[in-house]
Amino acid sequence: MGKQIPYATSFHLPDGREVVIETGKLATQANGSVVLRIGKTMIFAAATAAPEPKPNPEFFPLSVDYQEKFASAGRIPGSFFKRESRLSDYEVLISRLVDRALRPLFTEGYMNETQIIINLISGELETMPDAFAALAASAALMVSDIPFPNPISEVRVAKINGEYKVNPLRSELEHARVNIIVAATMSDVTMVEGEADECSEAELVEAIKIGHEAIKVQIQAQLHLVETIGGAKEKMKVAPAVENEELKGKIKELASEKIIKVASVASDKNSRKLAFKKINEEVNAGLRESMGDELVDAYKHLIARYYDKLKKNLIRTVVLDSGLRLDGRKLDDVRDIWTEIDYLPAAHGSAIFNRGETQSLTSLTLGTKLDELMFDTALLVDYEKFYLHYNFPGFSVGEVKPQRGPGRREVGHANLAARSIRKVLPKTPYTIRLVSDILESNGSSSMATVCAGSLALMDGGIQLKSHVAGIAMGMIEESGRVAILSDILGDEDALGDMDFKLTGTVNGICGCQMDIKIAGLPYEHLEAALEQAKRGRLHIINEMSKTISKPADDLKPHAPRVVELIVEREFIGGIIGPGGKIIQEMQRETGAVINIEDKDGKGYVNIFAADKNAIDAVLARIGKIVYMPKLGDIETGTVVTIMPYGVFLDFKGKSGLLHVSEMSWSRIDRVEDHFKEGDEVKFKVIDIDPKSGKLRLSRKAVLPQPGVKV
Numbered sequence: 000m001g002k003q004i005p006y007a008t009s010f011h012l013p014d015g016r017e018v019v020i021e022t023g024k025l026a027t028q029a030n031g032s033v034v035l036r037i038g039k040t041m042i043f044a045a046a047t048a049a050p051e052p053k054p055n056p057e058f059f060p061l062s063v064d065y066q067e068k069f070a071s072a073g074r075i076p077g078s079f080f081k082r083e084s085r086l087s088d089y090e091v092l093i094s095r096l097v098d099r100a101l102r103p104l105f106t107e108g109y110m111n112e113t114q115i116i117i118n119l120i121s122g123e124l125e126t127m128p129d130a131f132a133a134l135a136a137s138a139a140l141m142v143s144d145i146p147f148p149n150p151i152s153e154v155r156v157a158k159i160n161g162e163y164k165v166n167p168l169r170s171e172l173e174h175a176r177v178n179i180i181v182a183a184t185m186s187d188v189t190m191v192e193g194e195a196d197e198c199s200e201a202e203l204v205e206a207i208k209i210g211h212e213a214i215k216v217q218i219q220a221q222l223h224l225v226e227t228i229g230g231a232k233e234k235m236k237v238a239p240a241v242e243n244e245e246l247k248g249k250i251k252e253l254a255s256e257k258i259i260k261v262a263s264v265a266s267d268k269n270s271r272k273l274a275f276k277k278i279n280e281e282v283n284a285g286l287r288e289s290m291g292d293e294l295v296d297a298y299k300h301l302i303a304r305y306y307d308k309l310k311k312n313l314i315r316t317v318v319l320d321s322g323l324r325l326d327g328r329k330l331d332d333v334r335d336i337w338t339e340i341d342y343l344p345a346a347h348g349s350a351i352f353n354r355g356e357t358q359s360l361t362s363l364t365l366g367t368k369l370d371e372l373m374f375d376t377a378l379l380v381d382y383e384k385f386y387l388h389y390n391f392p393g394f395s396v397g398e399v400k401p402q403r404g405p406g407r408r409e410v411g412h413a414n415l416a417a418r419s420i421r422k423v424l425p426k427t428p429y430t431i432r433l434v435s436d437i438l439e440s441n442g443s444s445s446m447a448t449v450c451a452g453s454l455a456l457m458d459g460g461i462q463l464k465s466h467v468a469g470i471a472m473g474m475i476e477e478s479g480r481v482a483i484l485s486d487i488l489g490d491e492d493a494l495g496d497m498d499f500k501l502t503g504t505v506n507g508i509c510g511c512q513m514d515i516k517i518a519g520l521p522y523e524h525l526e527a528a529l530e531q532a533k534r535g536r537l538h539i540i541n542e543m544s545k546t547i548s549k550p551a552d553d554l555k556p557h558a559p560r561v562v563e564l565i566v567e568r569e570f571i572g573g574i575i576g577p578g579g580k581i582i583q584e585m586q587r588e589t590g591a592v593i594n595i596e597d598k599d600g601k602g603y604v605n606i607f608a609a610d611k612n613a614i615d616a617v618l619a620r621i622g623k624i625v626y627m628p629k630l631g632d633i634e635t636g637t638v639v640t641i642m643p644y645g646v647f648l649d650f651k652g653k654s655g656l657l658h659v660s661e662m663s664w665s666r667i668d669r670v671e672d673h674f675k676e677g678d679e680v681k682f683k684v685i686d687i688d689p690k691s692g693k694l695r696l697s698r699k700a701v702l703p704q705p706g707v708k709v
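According to numbering that gives the first Met the number 0, the sequence shown holds residues 0 to 709 in order.
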């Protein structure tokens, strides 16, 4: 039987590299599957769906899992089981990028459980697979019978040495000023996420536009792939939503006036939640009175859908009509902010950032090189000296929720905050861990984490370049009317058309994450949102600066200290000692932690200790090991051996001969009459043998010469 010949299409990236997408060869029992190739990199994607929809689901049951096979780079997993297991944070972040781009674009009403699996099956270091995962997923959906009418793609756009580049090589990103991933359909941008070195709003918009143009080429390739298989498959039927106009009208009559009244009066989250709950109960009571219990129970899911949609539409109208929001703020107002530092006395730095009903308590911990976070993927093993963990317990929103460890949302929020703070961190020998515990939440908790992290680092004496802050923007668009909202509430996130998180300093943007829920966001609206976000960001930084405007001059008294020495490579062995004897002895005697790294032809020695005396003791010991005497050095040594012709002195880990002729300006007949073991002797180095390195020392060179006036 011959080899299966796949259907294929291809396109070229702006730099000339060819990308091939093929289908019909692998995983033919999935609803749709493709393999994407670029050079030696191959990404497999399969889309599978249940044949029937889930009954009355609360949300679209879509799951996206991206995983890198270690065999793709010729590696065996380093875990105990030597196999791929749960997704790493890195893989979760890529899964989220794809999920957020695809989820809003399935045919409305489609509720079949759908799973998209994306695997890196062959990889090379320079080609970064994260920018191609969504393209492979979209292509798999397009060749399937799953109702996904509009193909999408994602690209990375980086500004390198003043020029924008699409999907650059990994090594090129080291010099990137802007580094974002853009997702879009042929007509609309749907998602943006990335980081920048304090770039301007105009630079970010330009990068998005360039990314969208590249995406159009990739979408055209997907449409061509569909043509090669003979056209689009017949799509699964999506049953039209059950409608009951009479029921909808009754709910509107019972609830509209009450919803508008609540939406028009400034209220806090809990009061508003109770008020809307009461309206819902009154609606159900009114319907039971007019329709009877049996019909209300039969239509309960439809009633809930109609009520939620009515509430959303009416609140949006109130905001557009009045220019005021649920909590009484104007469109560009930021909620009240209060901050506090040094809240946790035993932490190495801490801060509370409170904005409205959102609160982050963030702690700083300083560690050694041994505390670095290992970053182990199929293509790359690296270590990270700065990392941030984000926790979102149920009590922060008044709910009971089991503690199951971080979910995908927590991983994503932590990544956004960390990449923003990383842009202002100084070079430091410390490993830095920030932990943000969200104690209250009503929108924008990831942005509160950025602000609290900046405050905690300054409180801990880490010399940040400047404060970095974040703000979440929203938008409501109806029939050409637009309201751009600063510092959105949780309710506004749910009812709005855009969630745009933006972080930065007074000088520019450091991070962004944008999800657009509607088609056709004009660039002028995006630019207006960016300018409004900038004003909000500067306001927040000003409020933070009232508590602490620059980093503390020193670390906390109880914080550990790190000193870094750079020594010549030949001394590394002497510091470590045979079998690690010397370094282990120093650590045991002082309590310090010593790490040595050989790089760039030098030895980098990090000494980590809570006690300055311990660091001084290690420095003194290493100083003796690495000390190289020079002609003319004046030192003090200890007599260790007495011979008829002189004495041998030990000093700073070295040894030299003090000959009898160099002991004094006067004649010495018996050395033992003038010196004994243990004596301290001051001397000058007068000769170093170039071959053996033997030292000749002189005591008389440091004594006054008789008859010579100084």
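Beta carbons are placed, not taken as given, at the ideal position from N, Cα and C, and that holds for glycine. These numbers come from a predicted model, not from an experiment.
### Message
For V191 and I179, which I take to be in contact (beta-carbon distance under 8 Å), what is that distance rounded to the nearest angstrom?
### Response
If you number the sequence shown from 1, residue 191 lands on position 192. If you number the sequence shown from 1, residue 179 lands on position 180. With a Cβ gap of about 6 Å, V191 and I179 count as contacting.
#### Entry: Nearest-angstrom beta carbon gap, S435 and T504 [assumed within contact, 8 Å]
Along the sequence shown, one-based indexing puts residue 504 at 505. Along the sequence shown, one-based indexing puts residue 435 at 436. Contact annotation, T504 with S435: C-beta distance approximately 19 Å; criterion of less than 8 Å not satisfied.
### Spatially closest choice to F499 from N30, I487, S548 and S289, by CA coordinates
Taking the sequence shown and counting its residues from 1, the one referred to as residue 499 is at position 500. Ranking the options by Cα distance to F499, first place goes to I487.
### Message
Determine, for R315, whether the minimum Cβ-Cβ distance to residues of chain D falls below 7 Å.
### Response
Chain labels in this structure do not include chain D; a single protein chain is all it has.
### Message
I'd like the list of long-range same chain contacts for S478, defined as Cβ closer than 7 Å, with 5 residues on each side in sequence excluded.
### Response
Taking the sequence shown and counting its residues from 1, the one referred to as residue 478 is at position 479. Short of 7 Å from the beta carbon of S478, and not among the five residues preceding or following it, lies no beta carbon of its own chain.
#### Entry: S453 versus G460: straight-line alpha-carbon distance, rounded
Position 454 of the sequence shown, counting from 1, holds the residue named residue 453. Position 461 of the sequence shown, counting from 1, holds the residue named residue 460. About 11 Å.
### Task
Could you check which residue in A471, I574 and G519 has the C-alpha nearest to that of E530?
As a position in the sequence shown, residue 530 is number 531, starting the count at 1. Among A471, I574 and G519, the Cα nearest to that of E530 is on A471.
### Query
Along the chain, where does the beta strand (DSSP E) that runs through S349 open and close?
Counting from 1 along the sequence shown, the entry for residue 349 is found at position 350. G348 to R354 is the span of the beta strand (DSSP E), which, as asked, contains S349.
### Span separating the alpha-carbon of K690 from that of K651
Locating residue 690 in the sequence shown gives position 691, counting from the first residue. Locating residue 651 in the sequence shown gives position 652, counting from the first residue. Linking K690 to K651 through their CA atoms gives a straight-line distance of about 21 Å.
#### Entry: Short Cβ contact (7 Å threshold) for F69 with A468
Locating residue 69 in the sequence shown gives position 70, counting from the first residue. Locating residue 468 in the sequence shown gives position 469, counting from the first residue. Contact flag unset, no.
### Task
Please list, in chain order, all residues of the same chain as M0 whose beta carbon is under 8 Å from its beta carbon, the five residues on each side excluded.
The sequence position of residue 0 within the sequence shown is 1, counting from 1. Here the model assigns M0 a pLDDT of 49, short of 50, so the residue's position is not dependable and the matter cannot be decided.
### Task
Look up E661 in the DSSP assignment and say whether it is helix, strand or coil.
Here residue 661 refers to the residue found at position 662 when the sequence shown is read from its first residue. DSSP places E661 in helix when its eight states are reduced to three.
### Query
Taking Cβ to Cβ, would you say D143 is nearer than 7 Å to N243?
Numbered from 1 along the sequence shown, position 144 holds the residue referred to as residue 143. Numbered from 1 along the sequence shown, position 244 holds the residue referred to as residue 243. Note that residue 143 is Ser in the sequence shown here, rather than Asp. Their beta carbons are not under 7 Å apart, which means S143 does not touch N243 by this criterion.
### Query
What are the partner residues of R560, as DSSP defines its beta bridges?
Here residue 560 refers to the residue found at position 561 of the sequence shown. In DSSP, R560 forms a bridge with A608.
### Query
By a C-beta neighbour count over all protein chains shown, 10 Å radius and 16 as the cutoff for buried, is D672 buried or exposed?
As a position in the sequence shown, residue 672 is number 673, starting the count at 1. Around the beta carbon of D672, a 10 Å sphere encloses fewer than 16 other beta carbons of the protein chains shown; the residue is thus reported as exposed.
### Message
Let me check understanding here. Comparing Cα to Cα, which of A613, G578, V566 and A608 lies closest to E596?
### Response
What you label residue 596 is simply residue 597 of the sequence shown in a count that begins at 1. Comparing Cα positions, the closest option is V566.
### Message
Applying the 10 Å Cβ sphere with the 16-neighbour rule, what's the burial state of K310?
### Response
Taking the sequence shown and counting its residues from 1, one reaches residue 310 at position 311. Buried.
### Message
Applying the 10 Å Cβ sphere with the 16-neighbour rule, what's the burial state of K308?
### Response
On the sequence shown, position 309 is the one that residue 308 refers to. Residue environment for K308: exposed (fewer than 16 other C-beta atoms within 10 angstroms of its C-beta).
### Query
From what residue to what residue does the alpha helix (DSSP H) around M446 run?
Locating residue 446 in the sequence shown gives position 447, where the first residue counts as 1. Start and end: S444 to D458.
### Query
Secondary structure at Q3, three-state DSSP: helix, strand or coil?
Taking the first residue of the sequence shown as 1, we reach residue 3 at position 4. Coil, per DSSP.
#### Entry: the region 278–292 touching the region 250–267, judged by at least three CB pairs closer than 8 Å
As far as the Cβ criterion goes, the region 278–292 touches the region 250–267, which means the pair count is three or higher.
### Query
For V739 versus T106, is the C-beta spacing smaller than 7 Å?
For the chain, the structure presents residues 0 to 709; residue 739 sits outside this window and is missing.
### Message
What does the Cβ neighbour count give for M41, buried or exposed, with the cut at 16 atoms within 10 Å?
### Response
Locating residue 41 in the sequence shown gives position 42, where the first residue counts as 1. The residue is buried, with at least 16 neighbouring Cβ atoms inside 10 Å.
### Query
Any idea which residues DSSP pairs V63 with across the strands?
Here the question's residue 63 lines up with position 64 in the sequence shown. Partner(s): I115.
### Query
Cβ of A48 within 7 Å of Cβ of N149?
Against the sequence shown, residue 48 aligns to sequence position 49. Against the sequence shown, residue 149 aligns to sequence position 150. Annotated as distal: A48 and N149, with beta-carbon spacing of 7 Å or more.
#### Entry: Inter-stretch contact at 8 Å, needing at least 3 Cβ pairs: the region 116–136 / the region 63–77
Contact between the region 116–136 and the region 63–77 is present, with at least three C-beta pairs closer than 8 Å.
### Query
Alpha carbon to alpha carbon, how far is L134 from Q217?
The residue you call residue 134 lines up with position 135 of the sequence shown. The residue you call residue 217 lines up with position 218 of the sequence shown. Take the alpha-carbon of L134 and the one of Q217: they are about 8 Å apart.
### Task
Could you tell me whether the region 693–704 touches the region 662–678, where touching means 3 or more Cβ pairs closer than 8 Å?
These segments touch.
### Message
Pairs of beta-carbons, one from the region 89–103 and one from the region 407–425, closer than 8 Å: are there three or more?
### Response
Enough Cβ pairs lie closer than 8 Å, so yes.
### Query
DSSP state of E679, grouped into three classes?
As a first step, residue 679 must be located in the sequence shown, where it is residue number 680. It is a strand residue.
### Message
Nearest by alpha-carbon distance to R480: which of L319, M141, I214 and P103 is it?
### Response
Reading the sequence shown from its first residue, position 481 is the one you call residue 480. Shortest Cα-Cα distance from R480 to any of L319, M141, I214 and P103 involves L319.
### Query
Apart from the five residues just before and just after I75, which ones in its own chain have a Cβ nearer than 8 Å to its Cβ?
Taking the sequence shown and counting its residues from 1, one reaches residue 75 at position 76. Taken in chain order, the residues that qualify are F69 and K81.
### Query
Should the region 197–205 be regarded as contacting the region 215–235, the criterion being three or more beta carbon pairs within less than 8 Å?
No contact exists between the region 197–205 and the region 215–235.
### Message
According to DSSP, is L168 part of a helix, a strand, or is it coil?
### Response
Indexing the sequence shown from 1 puts residue 168 at position 169. Here DSSP, grouped into helix, strand and coil, assigns L168 to coil.
### Message
Short of 7 Å in beta carbon distance, which residues of its chain neighbour P56, apart from the five on each side in sequence? Order them along the chain.
### Response
As a first step, residue 56 is located in the sequence shown; it is residue number 57 there, counting from the start. Excluding residues within five positions, the ones whose Cβ falls inside 7 Å are M110.
### Message
Between S359 and A451, how many whole angstroms is the CB-CB distance? I'm expecting something under 8 Å.
### Response
Numbered from 1 along the sequence shown, position 360 holds the residue referred to as residue 359. Numbered from 1 along the sequence shown, position 452 holds the residue referred to as residue 451. Their Cβ separation, rounded to whole angstroms, is 4 Å, which keeps S359 and A451 in contact under 8 Å.
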